[in-house]
Amino acid sequence: MTQHASPANAAPIDRIDQKILRLLQSDGRMGNADIAKRVNVSPATCHRRMQRLFEEGYITSIRAQIAPDKVDRAALVMVGVVLDRSTPDSFAAFETACRKLPFILDCHLVAGDFDYFLKIRVRDMADFNHLHGDQLIALPGVRQTRTFFVMKEVVDNAPLAF
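Under numbering that gives the first Met the number 0, the residue at position 68 of the sequence shown is numbered 67, and the numbers go up by one with no gaps.
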């Protein structure tokens with residue numbers, strides 16, 4: 000039986016837990032009875048295992064993936080951000096401000112030429128231009144941004160391999 004490293008104070012997961020996690024990644028709407036059948040355990044056992052996976056932080060949330068084009072957010076933009084200072088206070092101020100902007104899907108502190116990469120969904124280039132001029136460059140500590148419009152989404156939000 001393969002066991003993986005686990006969060007602090009959590010029991011290691013076994014192959015059944017791994018199967019449950021993979022099934023939920025592929026279809027978060029799958030019911031307990033279906034999952035139990037597929038992993039060959041009773042529904043009660045499956046429910047207990049899923050509760051433990053939530054409680055121990057293996058599963059952080061289950062949510063619907065919305066088709067961006069159906070809600071007028073078809074343009075995907077990646078933005079590299081350079082801050083004017085590399086201090087804990089400037090990072091904290093930038094991160095706090097990013098959390099308040101609903102159009103920022105992801106914000107990652109990175110190593111390399113940029114301090115952060117932002118993933119943003121907008122209607123179109125004009126919509127992004129407006130957001131960039133009014134809100135992005137006004138974020139705390141922003142010295143420079145570099146914008147990349149995604150032409151084709153090859154892999155997006157793929158299931159975590161383990």
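Just so you know, even glycine gets a beta-carbon here, dropped at the ideal spot from N, CA and C.
On a predicted model such as this, the values are computed, not experimentally measured, just so you know.
Output needed for residue i: all residues of its chain with C-beta closer than 7 Å, excluding positions within five of it in sequence on either side, in chain order.
{"i": "residue 41", "result": "35"}
Kindly list the residues whose CB is nearer than 6 Å to the CB of residue i, restricted to its own chain and excluding five residues on each side of it in sequence; keep chain order.
{"i": "residue 72", "result": "120"}
{"i": "residue 109", "result": "116"}
{"i": "residue 67", "result": "73 and 120"}
Residue i: buried (16+ other C-beta within 10 angstroms of its C-beta) or exposed?
{"i": "residue 78", "result": "buried"}
{"i": "residue 140", "result": "buried"}
{"i": "residue 16", "result": "buried"}
{"i": "residue 130", "result": "buried"}
{"i": "residue 155", "result": "exposed"}
{"i": "residue 76", "result": "buried"}
Where does the unbroken alpha helix (DSSP H) through residue i begin, and where does it stop?
{"i": "residue 24", "result": "14 to 25"}
{"i": "residue 130", "result": "124 to 130"}
{"i": "residue 35", "result": "31 to 38"}
Could you check where the beta strand (DSSP E) with residue i kicks off and where it finishes?
{"i": "residue 148", "result": "141 to 148"}
Rounded to whole angstroms, how far is the Cβ of residue i from the Cβ of residue j, which I believe are closer than 8 Å?
{"i": "residue 80", "j": "residue 53", "result": "Residue 80 to residue 53, Cβ: 34 Å. No contact."}
{"i": "residue 138", "j": "residue 93", "result": "6 Å"}
Beta-carbon within less than 8 Å of residue i's beta-carbon, same chain only, minus the 5 sequence neighbours each way: which residues are those?
{"i": "residue 142", "result": "81, 82 and 83"}
{"i": "residue 122", "result": "71, 72, 73 and 74"}
{"i": "residue 147", "result": "76, 77, 78 and 79"}
Taking only runs of the alpha helix (DSSP H) that begin and end inside the segment 51 to 115, which ones reach a length of at least 4 residues, in chain order? Whole alpha helix (DSSP H) segments, 4+ residues: 87 to 98.
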